[in-house]
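Asks: Please read through the structure below; I'll follow up with questions.
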Amino acid sequence: MERISIVQGDITGQQVQAIVNAANESLLGGGGVDGAIHRTAGPELLAECRTLGGCPTGEARITKGYHLPAPWVIHTVGPVWHGGGRGEDEVLASCYQSVYALLEQHGIVTVAFPAISTGVYRFPLERAAGIAVSETRRFLGRNQSVQEIRFVCFDAGNEAAYRQALSGTLI
Ligand code: AR6
Numbered sequence: 008m009e010r011i012s013i014v015q016g017d018i019t020g021q022q023v024q025a026i027v028n029a030a031n032e033s034l035l036g037g038g039g040v041d042g043a044i045h046r047t048a049g050p051e052l053l054a055e056c057r058t059l060g061g062c063p064t065g066e067a068r069i070t071k072g073y074h075l076p077a078p079w080v081i082h083t084v085g086p087v088w089h090g091g092g093r094g095e096d097e098v099l100a101s102c103y104q105s106v107y108a109l110l111e112q113h114g115i116v117t118v119a120f121p122a123i124s125t126g127v128y129r130f131p132l133e134r135a136a137g138i139a140v141s142e143t144r145r146f147l148g149r150n151q152s153v154q155e156i157r158f159v160c161f162d163a164g165n166e167a168a169y170r171q172a173l174s175g176t177l178i
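Numbering of the sequence shown is given in this note's numbering, commencing with residue 8 and proceeding in unit increments.
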């Protein structure tokens, strides 16, 4: 059974146990997907985020989802793209690994991801999609509990990049 899915849409409406937020180190909100998640979740999310003391780039933190359909939000901070020579690939991979560690700790079996770092942080989309898919396949290879990992693509170009990444890594 294929446990990876790709959909076009808005991550804030996804009916999964956890949605992933592409946050910044403050965890105090921003634009893009972060702004949309905070708007839908309500001020309770910002209040909980204030208690966390931020999050270093490449790591992840978990909060409740408040007014979102998803009961959990996993906030991760992707790398800013500086041309690829500053370990950006490894840091982005570390975001996915950190999210997967939290899924296992909390027994979460369905999760939706946005394309972390590919907006304001300018990480090249196809490269980011390749890292997302390869880290996900690696995780699913050792985890039998997680049921669905959904990549939520905001537009058609995003979706095409993920579909290409997924077909390119099929065994
Ligand atoms: N649902 C799904 N995907 C979305 C949505 C949405 N509602 N809105 C945007 N995207 P970005 P980053 C896509 O900029 O590059 C924030 O200010 C978007 O098309 O949200 O990691 C934070 O506070 C793009 O493909 O995140 C940080 O300061 C992808 O989500 C900074 O931006 C990520 O774009 C993080 O930058």
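Backbone N, C-alpha and C fix where the C-beta goes; we use that ideal spot for every residue, glycine too.
Among the candidates 20, 170, 169 and 83, whose CA atom is the shortest distance from the CA of residue 30?
Replies: That would be 83, whose Cα lies nearest to the Cα of residue 30.
Asks: Is it true that the CB of residue 85 sits closer than 7 Å to the CB of residue 79?
Replies: For residue 79 and residue 85, no; Cβs fall outside 7 Å.
Asks: Is residue 159 near ligand 1, going by C-beta to nearest heavy atom under 6 Å?
Replies: Yes, Cβ of residue 159 sits closer than 6 Å to a heavy atom of ligand 1.
Asks: Which residues count as close to ligand 1 when the rule is a CB under 6 Å from any of its heavy atoms, in chain order?
Replies: In chain order, the qualifying residues are 17, 18, 19, 29, 30, 31, 37, 38, 39, 40, 41, 43, 85, 121, 122, 123, 124, 125, 126, 127, 128, 159, 161 and 165.
Asks: Which word fits residue 22, buried or exposed, when buried means at least 16 other C-beta atoms lie within 10 angstroms of its C-beta?
Replies: Exposed is the call here.
Asks: Label residue 66 either buried or exposed according to how many other C-beta atoms from any shown protein chain fall within 10 Å of its C-beta, with 16 as the threshold for buried.
Replies: The residue in question, residue 66, is buried, as its Cβ has 16 or more Cβ neighbours within 10 Å.
Asks: Can you list, in chain order, the residues of its chain whose CB lies under 6 Å from that of residue 137, leaving out five sequence neighbours each side?
Replies: For residue 137, where only same-chain residues beyond five positions count, the Cβ hits under 6 Å are 172.
Asks: Of all the beta strand (DSSP E) runs that stay within the bounds of the region 49 to 111, which reach a length of 3 or more residues?
Replies: Listed in chain order, they are 67 to 71 and 79 to 84.
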